[in-house]
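Engineer:
Protein chains in written order, with the numbering used here: chain L, 8 to 371; chain G, 44 to 172.
#1: Taking CB distances under 8 Å as the criterion, tell me whether residue 22 of chain L reaches chain G.
#2: Taking 8 Å as the cut-off, decide whether the C-beta atoms of residue 319 of chain L and residue 301 of chain L are in contact.
#3: Exposed or buried, residue 212 of chain L, counting other C-beta atoms within 10 Å across all chains shown (16 or more means buried)?
#4: What residues of chain L sit near residue 80 of chain G, judged by a beta carbon separation below 7 Å?
#5: Please confirm whether residue 101 of chain G has its beta-carbon closer than 8 Å to some beta-carbon of chain L.
#6: Buried or exposed for residue 174 of chain L, going by 16 or more other Cβ atoms inside 10 Å?
#7: Note down, in chain order, every chain L residue with its Cβ under 8 Å from the Cβ of residue 108 of chain G.
#8: Quick one, which residues of the stretch 66-98 of chain G are near chain L if we go by CB-CB under 7 Å, in chain order?
#9: From residue 54 of chain L to residue 23 of chain L, what distance separates their C-alpha atoms?
#10: Looking at the C-beta of residue 105 of chain G, does it have a partner C-beta in chain L at a distance below 8 Å?
#11: Is the beta carbon of residue 236 of chain L closer than 8 Å to that of residue 295 of chain L?
#12: Does the beta carbon of residue 268 of chain L come closer than 8 Å to any beta carbon on chain G?
#13: Could you list which residues in chain G have their beta carbon closer than 9 Å to that of residue 35 of chain L, in chain order?
#14: For residue 365 of chain L and residue 60 of chain G, I'd like the C-alpha separation in whole angstroms.
#15: Quick one: residues in its chain with C-beta nearer than 6 Å to the C-beta of residue 371 of chain L, no 5 flanking neighbours on either side, listed in chain order?
#16: Roughly how many whole angstroms lie between the Cα atoms of residue 105 of chain L and residue 117 of chain L?
#17: Measuring straight from C-alpha to C-alpha, what distance separates residue 34 of chain L and residue 171 of chain G?
#18: For residue 350 of chain L, which residues in chain G fall below 9 Å Cβ to Cβ?
#19: When you compare each of L/353, L/346, L/132, L/13 to residue 145 of chain L by their alpha carbons, which one comes out closest?
#20: Distance, Cα to Cα, residue 185 of chain L vs residue 148 of chain L?
#21: Return the chain-ordered list of same chain residues with a C-beta closer than 8 Å to the C-beta of residue 89 of chain G, the five sequence neighbours on each side being excluded.
#22: List the DSSP bridge partners of residue 88 of chain L.
#23: Between the stretch 47-64 of chain L and the stretch 223-236 of chain L, do at least 3 Cβ pairs fall closer than 8 Å?
#24: Please list, in chain order, the chain G residues whose beta carbon lies closer than 9 Å to that of residue 4 of chain L.
#25: DSSP three-state label for residue 119 of chain G, please.
#26: Return yes when the Cβ of residue 115 of chain G is within less than 8 Å of the Cβ of residue 153 of chain G, no when it is not.
#27: Buried or exposed, going by whether 16 or more other CB atoms sit within 10 Å of the CB of residue 67 of chain L?
#28: Buried or exposed: which applies to residue 45 of chain G, given that a residue is buried once 16 or more other Cβ atoms fall within 10 Å of its Cβ?
#29: For residue 320 of chain L, which beta-bridge partners are listed by DSSP?
#30: Would the beta-carbon of residue 45 of chain L fall within 8 Å of that of residue 36 of chain L?
#31: So residue 142 of chain L is in the beta strand (DSSP E); what residue range does that whole segment cover?
#32: Ignore the nearest five residues each way along the sequence and tell me which others in residue 427 of chain L's own chain have a CB closer than 6 Å to its CB.
#33: Assign residue 371 of chain L to one of three DSSP states: helix, strand, or coil.
#34: On a Cα-Cα basis, can you pick out the residue from L/141, L/338, L/204 that is closest to residue 288 of chain L?
#35: Quick check: what's the CA-CA separation for residue 17 of chain L versus residue 214 of chain L?
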């Protein structure tokens with residue numbers, strides 16, 4: 008029996024198509040993936056992401072404990088700030104990629120991937136050195152309002168001055184009278200917000216946001232658009248682009264590994280890998296032949312297997328076939344050519360700079 | 044769900060319009076709806092042979108890759124080439140502008156294995172349960 012978010016009935020009433028994702032029965036689309044994708048790029052879309060988990064570190068040892076479990080440098084994360092990073096095993100393999108929200112000097116909420124709720128909580132608890140760690144995943148619903156009109160829509164419903172909430176910053180505030188953690192974070196490459204609230208208020212919050220957003224053309228959006236949006240900006244998807252067997256260095260996440268911050272779980276292995284050299288790297292590519300790359304398709308070099316595609320789609324914004332793939336370092340430089348095997352045919356591909364899509368500067 | 048009465052159907056959700064010795068082939072309204080936005084298509088060339096029940100092409104939506112199966116055995120005499128530039132036509136008009144290929148039928152007896160509209164409607168309803 009798949010799990011359901013507090014908004015399940017709302018999705019059914021809205022005529023959403025539901026699919027099972029990471030053990031959850033989630034809306035994959037409402038009007039259609041392309042229409043929802045476009046709504047987010049040009050106006051705003053509203054996502055139910057209540058399947059995401061929340062693990063909270065509290066108390067005098069919270070920061071020290073999480074700093075030892077997180078690859079990014081939490082000492083540089085001020086109260087009211089969010090920080091992206093990885094949680095690694097001793098091998099350097101990625102347990103999960105997460106966003107840490109520092110709510111107080113001694114209180115950090117870690118937002119984890121839905122599929123990893125239990126795994127992450129157990130890993131964090133077992134390696135926290137006795138610090139207080141709580142799995143609050145069932146205590147939170149989460150809605151994401153994403154797109155260039157997101158701030159204008161949200162501002163109608165809250166007294167919080169959104170202009171004072173910068174990217175990767177957050178504040179506690181009422182939205183439509185509902186207490187929320189209002190974070191300027193997201194997974195689409197657009198400006199936008201993630202709102203954490205109590206599960207029993209989620210339906211009211213959802214309806215208020217859609218009502219306030221109606222004049223702006225805000226539409227509900229599902230996991231299908233969420234996936235094509237995140238891929239256009241080359242955000243990694245745990246379980247597709249990386250897993251316990253991949254390190255942040257391989258996955259192109261070296262920018263969230265702070266070797267100089269002191270000891271953390273996985274550091275030694277990552278130092279060894281950095282010094283010994285990588286055997287594979289995750290790169291962005293576009294197909295120059297017809298076809299759409301998909302997760303699991305082989306990467307070929309001179310007709311022989313040399314890597315694997317981890318994500319791929321026809322970019323709705325760019326009208327190009329784009330993807331992420333693990334390739335040997337020799338093929339990882341921008342402009343490198345390889346092939347992707349699609350149903351027995353070799354389709355030519357070229358490594359390109361990521362993100363594939365970037366919103367115009369000045370759009371906040 | 045739109046299921047025109049004058050067509051024959053496969054259990055893999057293709058339709059077939061018999062035109063004398065030829066058959067026009069496409070995917071059903073139900074199939075396009077289930078697939079979602081269609082963004083890519085692979086079709087055979089004119090002159091290729093297709094075999095009843097075997098895949099002759101591929102249709103891809105944003106999320107899924109799906110084979111297209113031949114309702115009858117025969118030779119491809121025409122391909123709806125403009126579709127490769129505008130595959131969304133299949134979503135918009137699966138039974139007219141969104142046709143895929145025209146086939147010269149090898150064995151008209153095979154047509155007897157296809158479902159009529161009522162049979163296909165029932166098949167889809169049963170599949171949903």
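Even glycine gets a Cβ: it sits at the ideal position worked out from N, Cα and C. Quick caveat: nothing in here was measured; it's all calculated off a predicted structure.
Structural biologist: Reading from the atomic positions:
#1: no
#2: yes
#3: buried
#4: 39, 40, 41
#5: yes
#6: exposed
#7: 299, 301
#8: 79, 80, 82, 83
#9: 12 Å
#10: yes
#11: no
#12: no
#13: 79, 106
#14: 46 Å
#15: Note that residue 371 of chain L scores 48 on pLDDT, short of 50, meaning its location in the model is unreliable; the coordinates nonetheless yield the value given after this. Once the five neighbours on either side are set aside, the close Cβ partners of residue 371 of chain L are 198.
#16: 7 Å
#17: 18 Å
#18: 85, 101, 108
#19: L/13
#20: 12 Å
#21: 119, 120, 121, 122
#22: L/176
#23: yes
#24: Residue 4 of chain L is absent from the structure shown; chain L starts at 8 and stops at 371.
#25: strand
#26: yes
#27: exposed
#28: exposed
#29: L/329
#30: no
#31: 139-142
#32: Residue 427 of chain L cannot be examined here, being either before or after the span of chain L that is shown, 8 to 371.
#33: Since pLDDT at residue 371 of chain L reaches only 48, below the 50 mark, its modelled position is unreliable, and the value read off the structure follows with that caveat. In this structure, residue 371 of chain L counts as coil in the three-state DSSP scheme.
#34: L/338
#35: 9 Å
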